[in-house]
Amino acid sequence: MYKNPGNPAGKIKPAAEKDWGEEYLDLILSVKIVDSMEEAIDHIHKYGSNHSEAIVTSDYANSERFLKEVDSSAVFVNSSTRFHDGGEFGLGAEIGISTQKLHARRNHGILGLTCLKYVIYGSAR
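The sequence shown begins at 912 in this note's numbering and counts up by one.
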């Protein structure tokens, strides 16, 4: 267990296998540090939600590969997945919350035959 001065209660602990498939519905974060892009993308394909996935990197090629190979409704580079919100994307207020890739469940004409993939860039500072 890692403890630091900003966390005197010692609430930081190593992630366990069971954590990767968990949806906390809270301000809890599981972080995996990987040795390669292959390992990162494999991990996301196994445990990802297809809703919001993020990478933290200073390598432009890695970020572009991540954006191309991760199939989620929103992919984030050096940005918080908490920005995946209808209001942030200019879609208006949310009337419900979905953690699925496809949100629409009613007829939308030709638009109902398509889906969007939002790409969000942050800063690696």
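Even for Gly, the Cβ is constructed at its ideal location relative to N, Cα and C.
State buried or exposed for residue 949, treating a residue as buried only when at least 16 other CB atoms are found within 10 Å of its CB. The count along the sequence shown starts at 1 and reaches residue 949 at position 38. Flag for residue 949 reads exposed.
Beta strand (DSSP E) segment containing residue 987, residue limits: On the sequence shown, residue 987 is found 76 positions in, with the first residue counted as 1. Looking at the DSSP string, the run of the beta strand (DSSP E) that includes residue 987 is 985-988.
Of the listed residues 944, 947, 993, nearest to residue 936 (C-alpha basis): Mapped onto the sequence shown, residue 936 falls at position 25. Between residue 936 and the set 944, 947, 993, the nearest pair of CA atoms involves 993.
Relative to the C-alpha of residue 922, which candidate in 1029, 941, 980 has its C-alpha closest? Numbered from its first residue, the sequence shown carries residue 922 at position 11. Of all alpha-carbon atoms in 1029, 941, 980, the one lying nearest the alpha-carbon of residue 922 is that of 941.
Considering only C-alpha positions, which residue in the set 988, 999, 939 is nearest to residue 972? One-based indexing of the sequence shown puts residue 972 at position 61. Nearest C-alpha to residue 972 among 988, 999, 939: 988.
So, helix, strand or coil for residue 951, using DSSP? Start at 1 with the first residue of the sequence shown, and residue 951 comes out as number 40. If DSSP states are grouped into helix, strand and coil, residue 951 belongs with the helices.
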